[in-house]
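> Read top to bottom, the protein sequences are chains D and Y.
Sequential numbering from 1 applies to the first sequence in my numbering.
Sequential numbering from 188 applies to the second sequence in my numbering.
Note that beta-carbon positions come from the ideal geometry of N, C-alpha and C, so glycine has one too.
There are 2 protein chains.
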Amino acid sequence: MRPSKRDELIRKALEIFYREGFHAAGMDLLAAETGISKTTMFKHFRSKDELILAVLRLRDENFRNWLFRRMEQAGSPRAQLLAMFDALGEWFAEVSYRSCMFIKAASEYPEPGNPIHAQAAEHKRLLFLHLEQIASSAGATEPALLARMLLQLKEGAIVTAHLGHEADPAADAKAAAVVLLERFCPS
Amino acid sequence: MRPSKRDELIRKALEIFYREGFHAAGMDLLAAETGISKTTMFKHFRSKDELILAVLRLRDENFRNWLFRRMEQAGSPRAQLLAMFDALGEWFAEVSYRSCMFIKAASEYPEPGNPIHAQAAEHKRLLFLHLEQIASSAGATEPALLARMLLQLKEGAIVTAHLGHEADPAADAKAAAVVLLERFCPS
DNA sequence: TCTAATATATACAGATCAGTTCAATTAGGA
DNA sequence: TCCTAATTGAACTGATCTGTATATATTAGA
Numbered sequence: 001m002r003p004s005k006r007d008e009l010i011r012k013a014l015e016i017f018y019r020e021g022f023h024a025a026g027m028d029l030l031a032a033e034t035g036i037s038k039t040t041m042f043k044h045f046r047s048k049d050e051l052i053l054a055v056l057r058l059r060d061e062n063f064r065n066w067l068f069r070r071m072e073q074a075g076s077p078r079a080q081l082l083a084m085f086d087a088l089g090e091w092f093a094e095v096s097y098r099s100c101m102f103i104k105a106a107s108e109y110p111e112p113g114n115p116i117h118a119q120a121a122e123h124k125r126l127l128f129l130h131l132e133q134i135a136s137s138a139g140a141t142e143p144a145l146l147a148r149m150l151l152q153l154k155e156g157a158i159v160t161a162h163l164g165h166e167a168d169p170a171a172d173a174k175a176a177a178v179v180l181l182e183r184f185c186p187s
Numbered sequence: 188m189r190p191s192k193r194d195e196l197i198r199k200a201l202e203i204f205y206r207e208g209f210h211a212a213g214m215d216l217l218a219a220e221t222g223i224s225k226t227t228m229f230k231h232f233r234s235k236d237e238l239i240l241a242v243l244r245l246r247d248e249n250f251r252n253w254l255f256r257r258m259e260q261a262g263s264p265r266a267q268l269l270a271m272f273d274a275l276g277e278w279f280a281e282v283s284y285r286s287c288m289f290i291k292a293a294s295e296y297p298e299p300g301n302p303i304h305a306q307a308a309e310h311k312r313l314l315f316l317h318l319e320q321i322a323s324s325a326g327a328t329e330p331a332l333l334a335r336m337l338l339q340l341k342e343g344a345i346v347t348a349h350l351g352h353e354a355d356p357a358a359d360a361k362a363a364a365v366v367l368l369e370r371f372c373p374s
């Protein structure tokens with residue numbers, strides 16, 4: 001029960017950073033919106049950047065758990081790969097949808113050497129490793145290449161859902177994925 | 188010769204915003220790095236947001252001119268569509284590459300109603316219209332769908348080139364585009 | 001009830017934020 | 001040369017930034 005305040009802070013900070021942006025959301029705003037005093041925040045985290053890193057760790061865990069579980073429900077490896085885009089479609093439909101937290105983090109901390117940037121990159125790497133394994137299970141001729149292609153469609157759909165005018169970016173990405181699977185994943 | 192200071196400011200502000208981010212780069216930093224006084228900046232632009240809008244207008248013009256010219260050199264419509272990814276590859280290889288200015292703008296101004304966000308979205312729309320027309324010239328069965336798919340690959344490659352570990356995102360995207368063209372663009 | 005950890009409010013430091021004011025300076029065109 | 005517009009430096013406003021200091025209040029276990 002003791003670390004609950006810390007967890008509560010991370011959880012609420014995640015929502016606020018996602019909604020407002022990292023630079024735009026100051027520590028005073030976090031204190032006001034979370035009801036957690038600034039003193040407590042800086043007792044749990046030495047700096048704002050460390051809080052952001054903790055937020056990104058939570059987001060990575062939540063997002064991968066959510067996505068991979070949705071994919072598992074689909075059954076065959078091939079169906080799992082396509083199910084990713086169905087999950088994305090549900091995500092995009094949320095009214096609070098505002099793109100990917102890690103793309104946003106990389107946008108605000110553009111230097112690759114920055115720890116926040118590096119942690120965002122690590123999330124993408126973990127996604128790749130998982131997709132590569134599923135592509136391999138699906139009997140893909142080039143699992144790594146197929147995984148990279150599907151992930152590019154995913155990132156493109158995420159950006160387009162936030163920035164574009166298109167009706168259903170997830171459906172477009174899925175349709176493209178079907179074609180790629182036909183080519184690289186003989187069934 | 189009179190509006191040169193204004194143009195110079197926009198041009199230099201573009202580089203600084205692209206490198207540092209919009210929130211991270213303050214007006215004082217702009218004044219220090221451009222050598223243009225803050226007084227002059229606020230005489231040309233009522234606010235920082237208006238300067239950002241001017242920067243995005245310039246970036247839109249520059250980027251589309253550059254990309255479309257590279258594509259035109261390729262010859263046939265089908266080759267033009269693929270040439271987009273070759274151009275992306277050259278862009279990604281620049282040491283100063285730090286993702287897409289419009290994705291970054293949308294990340295820092297996440298509300299769709301924000302004028303900066305809207306202007307970034309407009310850039311993506313103009314890209315779509317151009318690609319749709321080329322896809323149509325190429326005899327695509329569904330030009331709009333093909334254009335949306337190729338653009339998703341483009342955005343995905345841009346994000347991956349900034350945030351990923353992959354060796355050559357542009358080549359991956361091009362390989363996927365080849366497959367999509369075979370399917371949607373009978374030659 | 002005592003103890004020790006944890007959280008609180010409040011005020012503050014020092015820097016930086018966007019934006020303004022104003023007098024002095026520079027430059028171009030007639 | 002003269003006139004006008006553009007630009008400048010520098011100080012300034014008031015708000016906000018990250019982070020700290022201090023003293024008080026809350027909480028939970030022994």
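List the residues of chain D that GLU220 (chain Y) touches, going by C-beta distances under 7 angstroms, in chain order.
Within chain D, no residue comes near GLU220 (chain Y); the closest Cβ sits about 16 angstroms away, beyond 7 angstroms.
> Taking LYS311 (chain Y) as the query, report the chain D residues whose CB atoms sit under 7 angstroms from its CB, ordered along the chain.
By Cβ distance, chain D contributes LEU163, GLY164.
> Give the DSSP-derived three-state secondary structure of ARG335 (chain Y) in the structure shown.
Here ARG335 (chain Y) sits in helix by DSSP.
> Between the segment 97–109 of chain D and the segment 69–88 of chain D, can you find at least three pairs of beta-carbon atoms closer than 8 angstroms?
Taking 8 angstroms as the limit for Cβ pairs, the verdict is that the segment 97–109 of chain D does not touch the segment 69–88 of chain D.
> Please check if any C-beta of chain Y sits within less than 9 angstroms of the C-beta of PRO186 (chain D).
No, its Cβ sits nowhere closer than 9 angstroms to a Cβ of chain Y.
> Taking Cβ-Cβ distances shorter than 8 angstroms, what residues in chain D pair up with ASP359 (chain Y)?
Within chain D, the residues near ASP359 (chain Y) are LEU145, ARG148, MET149, GLN152.
> Could you check what DSSP says for GLU281 (chain Y) in three-state terms: helix, strand or coil?
It is coil, neither helix nor strand.
> Output yes if chain D places a C-beta closer than 9 angstroms to the C-beta of LYS199 (chain Y); else output no.
No, no contact with chain D.
> Suppose the cutoff is 7 angstroms on Cβ atoms and the five residues either side in sequence are ignored; what does the same chain contact list for ALA212 (chain Y) look like?
The residues are ILE203, PHE204.
> Distance, Cα to Cα, ARG251 (chain Y) vs GLU72 (chain D)?
Answer to the nearest angstrom: the Cα atoms are 41 angstroms apart.
> Can you give, in chain order, each stretch of the alpha helix (DSSP H) that sits fully within the segment 295–356 of chain Y and has at least 4 residues?
Entirely contained in the segment 295–356 of chain Y, the alpha helix (DSSP H) runs reaching 4 residues are, in chain order, 302–324, 330–350.
> Cα separation between PHE92 (chain D) and ILE223 (chain Y)?
When rounded, the distance between both Cα atoms is 42 angstroms.
> Using a beta-carbon distance below 9 angstroms, is ILE303 (chain Y) in contact with chain D?
Not closer than 9 angstroms to any Cβ of chain D, the Cβ of ILE303 (chain Y) fails to qualify, so no.
> What residues in its chain sit with their C-beta under 6 angstroms from that of HIS231 (chain Y), if we drop five residues either side in the sequence?
Contacts found: ARG193.
> By how many angstroms is the C-alpha of LEU56 (chain D) removed from the C-alpha of SER47 (chain D)?
Going by the C-alpha atoms only, they are around 15 angstroms apart.
> Would the segment 333–353 of chain Y and the segment 168–183 of chain D be scored as touching if the rule is three or more Cβ pairs under 8 angstroms?
Contact holds: three or more Cβ-Cβ distances are below 8 angstroms.
> By the 9 angstroms beta-carbon criterion, what residues does the segment 12–27 of chain D contribute toward chain Y?
So the close ones are TYR18, ARG19, GLU20, GLY21, PHE22, HIS23, ALA24.
> Distance check for ALA358 (chain Y) and GLU142 (chain D), CA to CA, integer angstroms please.
Spanning the two alpha carbons is a distance of roughly 14 angstroms.
> Between PHE68 (chain D) and GLY139 (chain D), what straight-line distance do the alpha-carbon atoms span, to the nearest angstrom?
Each residue's alpha carbon lies about 19 angstroms from the other.
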